[in-house]
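Numbered by numbering that gives the first Met the number 0, the letters in the sequence shown go through residues 0 to 183 in order. All C-beta atoms in this analysis are idealised placements derived from N, C-alpha and C, irrespective of residue type, glycine included. Keep in mind the model is a prediction, meaning the values are calculated, not measured. Working notes, beginning with the structure itself.
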Amino acid sequence: MNVAILGYASVGKNLEALFKNAGYTTIIGVRSPEKYLKHNVTRIVSAAEDADTVVLAIPYRVCGEVLPNLKMALSKKIVIDVTNPLNGDYSPILFDKEDSAGETLQRILLESMLVKAFNTIFADNMTPEKLDRDGRKLTTFIAGDHDSANEKVLQLAEKIGFSPINTGPLKNSRYPECMAHLNI
Ligand SMILES: NC(=O)c1ccc[n+]([C@@H]2O[C@H](COP(=O)([O-])OP(=O)(O)OC[C@H]3O[C@@H](n4cnc5c(N)ncnc54)[C@H](OP(=O)(O)O)[C@@H]3O)[C@@H](O)[C@H]2O)c1
Numbered sequence: 000m001n002v003a004i005l006g007y008a009s010v011g012k013n014l015e016a017l018f019k020n021a022g023y024t025t026i027i028g029v030r031s032p033e034k035y036l037k038h039n040v041t042r043i044v045s046a047a048e049d050a051d052t053v054v055l056a057i058p059y060r061v062c063g064e065v066l067p068n069l070k071m072a073l074s075k076k077i078v079i080d081v082t083n084p085l086n087g088d089y090s091p092i093l094f095d096k097e098d099s100a101g102e103t104l105q106r107i108l109l110e111s112m113l114v115k116a117f118n119t120i121f122a123d124n125m126t127p128e129k130l131d132r133d134g135r136k137l138t139t140f141i142a143g144d145h146d147s148a149n150e151k152v153l154q155l156a157e158k159i160g161f162s163p164i165n166t167g168p169l170k171n172s173r174y175p176e177c178m179a180h181l182n183i
């Protein structure tokens, strides 16, 4: 199975290493490949088209402009949403109590299976050494409306070194998003 990671900053780079360590083929998608000459990267849309599963590792606040162009490429695919709803100064983007970033992105990508995961863990901790605390792995919370996709992401998260907990429907992404706000 190949995994595309859209965005190549701290989260994209560390998740790429974790996926590679676990034997996955990764495809990195960025908006300006020419900026990353020393790395094997491609355009966001090509990465999205070529992957089985796609990780969103770009700022939440740009998803409204980026994702509508990827609807076809991401159709029927699992999209792992690592985003936290933040303004440019890291202050929280707040939602009505009946909504979240995960649910907002699923409404854009209606044909995809969006699964929230990994968003409560700082990128610095997304390394094999830091995920493993004396044999106890860091927890990641999974939420999504497609049971089979949640299960696949749970297995994938376990393989790359996390201790995943399936929290059920996507509306539960409201809680890990608030946890991330508190962490930050
Ligand atoms: N950092 C953490 O500890 C952490 C932990 C958990 C979750 N998260 C979430 O994970 C996501 C990634 O975080 P990050 O800290 O690695 O990086 P980030 O600063 O949030 O995002 C940087 C990446 O997004 C790309 N990007 C920015 N604007 C874009 C646009 N308009 N179109 C396409 N790509 C765009 C950048 O591309 P260029 O290189 O071209 O600028 C870069 O690859 C965010 O949603 C963040 O909230 C972060």
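| Check | Outcome |
| --- | --- |
| Which residues DSSP lists as bridging residue 115, in chain order | 80 and 142 |
| Residue 120 CB to nearest heavy atom of ligand 1 below 8 Å | yes |
| Exposure of residue 112, with buried meaning 16 or more beta-carbon neighbours within 10 Å | buried |
| Option nearest residue 158 by Cα separation, candidates 130, 5, 142 and 169 | 130 |
| Rounded C-alpha distance that separates residue 15 from residue 87 | 24 Å |
| Beta strand (DSSP E) runs wholly inside the segment 20–108, at least 3 long, in chain order | 24–29, 40–42, 52–55 and 77–80 |
| Residue 143 CB to nearest heavy atom of ligand 1 below 8 Å | no |
| Closer than 8 Å: residue 43 CB and nearest ligand 1 heavy atom | yes |
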